[in-house]
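So our numbering is basically just the index in the sequence shown, starting at one, shifted up by 726. The beta-carbon is built from N, C-alpha and C at its ideal position, and this holds for glycine as well. The structure presented is a predicted model; accordingly, all values stated were derived computationally and were not measured. The structure under discussion appears below in the form of structure tokens.
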Amino acid sequence: MLRRSFPFFFGQTTPPGGRRRAGLAVRQNRRVPVHQITDPDDDRIADYRALTDVELRTRWEPPHGLFIAEGELVLRRALRAGYPARSYLVDAKRVDQLADLDTGDAPVYAATQDVLQRATGFHVHRGVLASFHRRPLPTAAEVLAAARRVLILEDVNNHTNLGAIFRGAAALGIDAVLLSPSCADPLYRRSVRVSMGEVFAMPYAKLDPWPTGLDQVRDAGFTVLAMTPAPDAVPIQRLTPAQRERAALLLGAEGPGLTAAAQAASDVRVVIPMRRGVDSLNVAAAAAVAFWELGRDDPPFGGA
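Have a look at this one:
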């Protein structure tokens, strides 16, 4: 099958040969080659194939040590966090959005929206994708040693909720996240996108074995606070200063919540008091409320 590379560059508005291709004009001083992809089955963009197939991506991305960032803001935050890029894949009409980046040795591929959709399985309306190398995860002990307030998640498998939780954690004073072995991958594309790239700002690690690994959290000086709607739980605003001092907030999946074993392994069961007969919140919303409450007495700080 014929596969062609169209070697125009960032920094030129007309490709070699003198004929201008619509939508490919860019302005940049560096000469970075952009390779035109015309075949959705081109092996050079294998990292981006069938991005909506969760099962396939789960089998492909972690074993190959990669993850996909969607959107210019997200990929810039991945670069800022120090993740090395493998390649970039952009809508041919938007290549100038990357013109100021130091792309290093990572190739830049451009394609029409039709080719992008056939390759990825969805309409890439943000127009910019990038494949990044993963980094080795720290150990739970390393994460705990550098944190004052941590979040622990059990069985959170909804990627949208996971991304929203990471975004709230980054914004509201959580220093690190620990995941039970059954949690979803925080670097899955949807999680990364919903977090707006804030997943890159949050140190995280696996906590294994589960739930006996909670003993390691307690041994590190943290009080494990299990979130539950149980009527006999302690209202979160009534925690003592000692319980707040080094808090490890434990949340479960949407719907089932924490397992009985995880609650039994915690120090205190806490609840967000509800009104009008509402029995629970979405896990990401509950997490944000709890983050704010635990950090309400923190010194003022500014965002970047």
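C-beta atoms of residue i and residue j nearer than 7 Å
i, j, result
"Val841", "Val760", "no"
"Val800", "Val918", "yes"
"Thr838", "Ala811", "no"
"Gly1021", "Leu898", "yes"
"Val950", "Ser992", "yes"
"Ala959", "Val1015", "no"
"Ala890", "Ala974", "no"
"Arg995", "Thr954", "yes"
"Ala895", "Met928", "yes"
"Leu933", "Ala866", "yes"
"Gln843", "His851", "no"
"Ala902", "Leu888", "no"
"Gly705", "Leu782", "Missing from the structure shown is residue 705; the chain here goes from 727 to 1030 and no further."
"Arg874", "Glu796", "no"
Reference residue i; option with closest CA among the options
i, options, result
"Ala968", "Phe948, Gly983, Pro955, Glu880", "Phe948"
"Asp831", "Ser857, Ala807, Leu782", "Ser857"
"Asp881", "Ala795, Leu965, Ala987", "Ala987"
"Val780", "His885, Gln762, Met953", "His885"
"Gly978", "Ala1013, Leu965, Arg964, Ile962", "Ala1013"
"Asp828", "Ala837, Ser813, Leu879, Thr838", "Ser813"
"Thr938", "Thr985, Arg775, Thr846", "Thr985"
"Phe1017", "Phe892, Met922, Glu796, Val925", "Phe892"
"His859", "Pro1025, Gly791, Val850", "Gly791"
"Asp945", "Arg972, Leu815, Pro961", "Arg972"
"Pro961", "Gly808, Asn1008, Leu782, Pro999", "Pro999"
"Phe926", "Arg775, Arg806, Gln989", "Arg806"
"Pro935", "Arg915, Leu904, Pro957", "Leu904"
"Leu879", "Tyr930, Tyr774, Arg775", "Tyr930"
"Val816", "Gly853, Arg785, Ala825, Gln963", "Gly853"
"Glu1019", "Ser1006, Gly981, Arg970", "Arg970"
"Ile763", "Arg785, Asn1008, Pro833, Asp826", "Pro833"
"Asp826", "Val758, Arg785, Leu855", "Val758"
Exposure label - residue i; buried when at least 16 CB within 10 Å
i, result
"Leu870", "buried"
"Asn883", "exposed"
"Val1004", "exposed"
"Thr966", "exposed"
"Glu924", "buried"
"Pro912", "buried"
"Asp1023", "exposed"
"Gln989", "buried"
"Gly983", "buried"
"Asp768", "buried"
"Pro1026", "exposed"
"Arg803", "buried"
"Gln963", "exposed"
"Ile773", "Note that residue 773 is Asp in the sequence shown here, rather than Ile. Answer is buried; the Cβ neighbour count reaches 16."
"Leu728", "Bear in mind that the predicted position of Leu728 carries a pLDDT of just 40, short of 50, making it unreliable; the figure below should be weighed with that in mind. Exposed, because fewer than 16 other Cβ atoms sit within 10 Å of the Cβ of Leu728."
Expected contact under 8 Å - CB spacing of residue i and residue j to nearest Å
i, j, result
"Val920", "Ile900", "16 Å between Cβ atoms; not a contact."
"Tyr835", "Ile771", "6 Å"
"Ala845", "Pro766", "4 Å"
"Gln823", "Glu798", "5 Å"
"Tyr1046", "Arg861", "Residue 1046 cannot be examined here, being either before or after the span of the chain that is shown, 727 to 1030."
"Leu976", "Ala956", "That belief does not hold up - the Cβ atoms of Leu976 and Ala956 are roughly 13 Å apart, past 8 Å."
Which residues DSSP lists as bridging residue i, in chain order
i, result
"Arg796", "Checking the displayed sequence, the identity of residue 796 turns out to be Glu instead of Arg. DSSP, once it has assigned bridges, lists Leu855 as partnering Glu796."
"Tyr914", "For Tyr914, which the question treats as bridged, DSSP gives no partner whatsoever."
"Tyr814", "Val834, Ala856"
"Pro961", "Val997"
"Ala952", "Leu976, Arg995"
"Ile878", "Leu904, Leu976"
"Lys932", "Leu905"
"Gly983", "Ala979"
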